[in-house]
Amino acid sequence: MITIERWAAEQIAAAMPEFIELLWDSVDGGASVGFLPPLTDAVAHEYWSGVHADVAAGKRIFIVALLDGKMVGAAQLELAMRQNSRHRAEVQKVLVHSSYRRRGIGQQLMAELENQAHLAKRTLLVLDTCRGDSGEPLYRKMGYIEVGVIPRYAEIENGGFCDTVIYYKQLA
Ligand SMILES: CC(C)(COP(=O)(O)OP(=O)(O)OC[C@H]1O[C@@H](n2cnc3c(N)ncnc32)[C@H](O)[C@@H]1OP(=O)(O)O)[C@@H](O)C(=O)NCCC(=O)NCCS
Numbered sequence: 127m128i129t130i131e132r133w134a135a136e137q138i139a140a141a142m143p144e145f146i147e148l149l150w151d152s153v154d155g156g157a158s159v160g161f162l163p164p165l166t167d168a169v170a171h172e173y174w175s176g177v178h179a180d181v182a183a184g185k186r187i188f189i190v191a192l193l194d195g196k197m198v199g200a201a202q203l204e205l206a207m208r209q210n211s212r213h214r215a216e217v218q219k220v221l222v223h224s225s226y227r228r229r230g231i232g233q234q235l236m237a238e239l240e241n242q243a244h245l246a247k248r249t250l251l252v253l254d255t256c257r258g259d260s261g262e263p264l265y266r267k268m269g270y271i272e273v274g275v276i277p278r279y280a281e282i283e284n285g286g287f288c289d290t291v292i293y294y295k296q297l298a
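Throughout the sequence shown, residue numbering follows our numbering, covering 127 to 298 in sequence.
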């Protein structure tokens, strides 16, 4: 059974090796999520340490998907902190382990991010993703609206680039 939970900083710290493995799985599987393969332990650890610090500081909401207690996915909301932006948050790093995809876990993570955004009084969600990546159909299915495309925005493996698509969703 899948459960979706919001985790505090201490819980993230305790499961650091699992999060490193989750990120590694996506990056080495070719997903454009900010890193290039091969992802080293040190780079992944530095990234998750930053996530941990942001969650501890109240700047980031972190949720996980558990399948019978095993962590199989995670997603984040970075809360905009400027005075004129406190209605806004960015959806980041929606990751489902490759062994557990296409079972609706990504959709459940996105739904809980929206719930958490609502609780945090964030009514505008923004995100970006590489054109053609697996996140795009998920975001469209969840009602995100395409704003536009920035060509050659992110480097991908083998020296190529991907176009990035910007999306938003206004929550009721
Ligand atoms: C994107 C991702 C989180 C989706 O997770 P998931 O658990 O497989 O998603 P779901 O099963 O909830 O899919 C919901 C819907 O999204 C769409 N979708 C998801 N993955 C898709 C894919 N690879 N191809 C086409 N449509 C896809 C489908 O409409 C799907 O519904 P369906 O299975 O009934 O057709 C997962 O593929 C992943 O972790 N990818 C690597 C990391 C990444 O690129 N993250 C997004 C950018 S940060």
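Ideal placement from N, C-alpha and C gives every residue a C-beta, glycine not left out.
Using the Cα positions of residue i and residue j, report the straight-line distance between them to the nearest angstrom.
i	j	result
residue 206	residue 228	30 angstroms
residue 232	residue 292	19 angstroms
residue 212	residue 199	27 angstroms
residue 166	residue 203	24 angstroms
residue 141	residue 220	17 angstroms
residue 197	residue 134	15 angstroms
residue 263	residue 270	10 angstroms
residue 158	residue 176	19 angstroms
residue 216	residue 277	20 angstroms
residue 161	residue 139	21 angstroms
residue 257	residue 286	13 angstroms
residue 164	residue 280	16 angstroms
residue 295	residue 172	30 angstroms
residue 147	residue 289	26 angstroms
Does the beta-carbon of residue i have 16 or more other beta-carbons within 10 angstroms, so that it is buried, or is it exposed?
i	result
residue 268	buried
residue 209	exposed
residue 185	exposed
residue 261	buried
residue 201	buried
residue 245	exposed
residue 129	exposed
residue 275	exposed
residue 236	buried
residue 238	buried
residue 254	buried
With a threshold of 6 angstroms on Cβ separation, who are the neighbours of residue i within its own chain once the five nearest residues in sequence on each side are excluded?
i	result
residue 187	203 and 242
residue 145	174
residue 151	223 and 224
residue 149	170
So, at 7 angstroms on beta carbons, what are the nonlocal neighbours of residue i in its own chain, with the 5 sequence-adjacent residues on each side left out?
i	result
residue 131	189, 190 and 192
residue 272	291 and 293
Once you ignore the five residues that flank residue i on each side, which residues in its own chain have a CB closer than 8 angstroms to its CB?
i	result
residue 155	224
residue 297	240, 243, 244, 248, 249, 250 and 251
residue 181	133, 134, 135, 138, 187 and 188
(request) Collect the residues with a C-beta less than 6 angstroms away from any heavy atom of ligand 1 and give them in sequence order along the chain. (result) 152, 157, 159, 219, 220, 221, 222, 227, 228, 229, 230, 231, 232, 233, 255, 259, 260, 261, 263, 264 and 267
(request) Return the chain-ordered ranges of every alpha helix (DSSP H) run that is complete within the segment 236-260 and spans a minimum of 4 residues. (result) none
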